[in-house]
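In the working numbering, the protein residues as written are 66 to 216.
The beta carbon of each residue, even a glycine, is placed where N, CA and C say it ideally should be.
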Amino acid sequence: MASLGEADTSSGVVKYFSLDEVKKHNSCRTTWVVIHHKVYDLTKFLEEHPGGEEVLLEQAGSDATESFEDVGHSSDARELSARYLIGEVHPDDRKIKDEDVLITTTTTSDSNQSSWTSLLVPAAVALLVALAYNVYSSSTTADPLGPPPTH
Ligand code: HEM
Numbered sequence: 066m067a068s069l070g071e072a073d074t075s076s077g078v079v080k081y082f083s084l085d086e087v088k089k090h091n092s093c094r095t096t097w098v099v100i101h102h103k104v105y106d107l108t109k110f111l112e113e114h115p116g117g118e119e120v121l122l123e124q125a126g127s128d129a130t131e132s133f134e135d136v137g138h139s140s141d142a143r144e145l146s147a148r149y150l151i152g153e154v155h156p157d158d159r160k161i162k163d164e165d166v167l168i169t170t171t172t173t174s175d176s177n178q179s180s181w182t183s184l185l186v187p188a189a190v191a192l193l194v195a196l197a198y199n200v201y202s203s204s205t206t207a208d209p210l211g212p213p214p215t216h
């Protein structure tokens with residue numbers, strides 16, 4: 066999957082914006098959105114957007130990552146986004162999102178664990194059956210009358 070355009074690193078400085086700052090740019094006069102923690106100024110792109118300006122205005126001033134990804138934008142669209150990149154969300158303002166990722170990861174490893182357990186249970190049952198069969202067959206092959214009298 067192609068990634069979104071990187072911030073202009075030619076100057077070596079990334080500009081950080083707080084979410085409060087992004088929120089202020091929520092109109093057609095100034096339209097900022099956040100996609101994958103990056104801040105885009107889409108004001109000049111509104112009329113050019115093939116998906117229409119309405120959808121962008123709906124997301125103006127907020128995190129549009131989910132909507133952007135839901136559409137399944139092409140790699141061309143992702144490259145184009147670099148033109149409108151103005152900075153990144155301040156790391157302090159990403160905290161909640163990072164925790165979200167953490168929860169997702171934990172859930173994933175949980176489900177891995179349960180798939181392990183689901184393999185272990187039948188394996189343990191199979192082992193028990195094998196053991197029971199061993200005990201059963203050794204008790205039936207032994208002479209039920211015991212050894213013949215010696216005298
Ligand atoms: C930097 C931001 C964005 C850029 C550069 C961009 C660019 C594009 C481009 C080039 C297309 C044409 C189809 C493609 O190549 O994938 C497109 C379609 C579309 N975009 Fe965006 N877009 C951006 C943000 C968004 C956001 C935030 C939303 C949702 C709120 C959105 C919703 C749509 C929709 C609904 C279509 C139409 C899809 C279709 O007709 O199948 N876009 N966009």
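Residue of the options minimising C-alpha distance to residue i
i: Ser92; options: Leu121, Val79, Asp158, Lys103; result: Leu121
i: His102; options: Gly126, Tyr201, Ala195; result: Gly126
Residues near residue i in its chain [Cβ-Cβ closer than 7 Å; skip 5 each side]
i: Gln124; result: Val98, Ser132
i: Ala129; result: Val98, Val99, Ile100
i: Thr95; result: Thr108
Beta-carbon contacts of residue i that lie in its chain and below 6 Å, excluding the five residues immediately before and after
i: Asp157; result: none
Coil, strand or helix - residue i by DSSP
i: Val98; result: strand
i: Phe82; result: strand
i: Asn199; result: helix
i: Ser204; result: helix
Start-to-end residues for the beta strand (DSSP E) that takes in residue i
i: Glu153; result: 150-154
i: Asp106; result: 103-106
Spatial neighbours of residue i in its chain, beta-carbon cut-off 8 Å, leaving aside the 5 residues before and after
i: Gly137; result: none
i: Glu112; result: Glu118
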